[in-house]
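Participant: Before we start, here is the structure in question, set down as structure tokens.
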Ligand code: THU
């Protein structure tokens, strides 16, 4: 689903996206200057925030989505994810389109969707502008690898 802006979202979704914006403001991205914030709503009502954490050894850095899902997984191992809002901004140019999660994040997030046996939504936004809401992680990563192969 495509929405014109954060203002067009349902109240709960707009609130979650505002939390993601808050998290984006605390991201540590001195190398890319690309700041990403994530806010995860759990079924116990808790909101878990994450943001990208970069490193001078570039591959050691981590995306906002995985910081958030692992924080949630470690703090609330028995809770289900309801939805995850993500927003990105860049110091170099305005990000006016929703930013799609990288492949590694899709794989990492899918693990938790399978674990909870219930799909969760992603709300994706740039710094401003349109918001895309996806239905499930499996729809973002077809023909994926999972535990059934192990
Ligand atoms: N990044 C995220 O945090 N999430 C995404 O979905 C895309 C990329 C981060 C990783 C890195 O710190 C910076 O954005 C540039 O790639």
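Numbering (the working numbering), first residue to last: 634 to 783.
Don't be surprised by glycine CBs; every beta carbon is placed ideally from N, CA and C.
Let me have the residue list for ligand 1: C-beta closer than 6 Å to any non-hydrogen atom, ordered along the chain.
Facilitator: 662, 665, 667, 669, 685, 687, 694, 696, 697, 698, 732, 734, 735, 738
Participant: Compute the Euclidean distance between the alpha carbons of residue 641 and residue 764, then round it to the nearest angstrom.
Facilitator: Distance between the alpha carbons of residue 641 and residue 764 is about 9 Å.
Participant: Residue 652: buried (16+ other C-beta within 10 angstroms of its C-beta) or exposed?
Facilitator: buried
Participant: Under the three-state reduction of DSSP, which class applies to residue 722: helix, strand or coil?
Facilitator: strand
Participant: Rounded to whole angstroms, what's the CA-CA distance from residue 706 to residue 634? Just pull it up for me.
Facilitator: Rounded to whole angstroms, residue 706 and residue 634 show a C-alpha spacing of 27 Å.
Participant: Give, in chain order, every unbroken run of the beta strand (DSSP E) that is at least 3 residues long and sits entirely within the stretch 720-759.
Facilitator: Counting whole runs of 3 or more residues, the stretch 720-759 contains the beta strand (DSSP E) stretches 754-758.
Participant: Start and end of the beta strand (DSSP E) containing residue 671?
Facilitator: 667-675
Participant: For residue 722, is the classification buried or exposed, using 16 other Cβ atoms within 10 angstroms of its Cβ as the cut-off for buried?
Facilitator: buried
Participant: Taking the alpha-carbon of residue 749 as reference, which of 766, 770, 730, 758 has the nearest alpha-carbon?
Facilitator: 770
Participant: Give the DSSP-derived three-state secondary structure of residue 773 in the structure shown.
Facilitator: It is helical.
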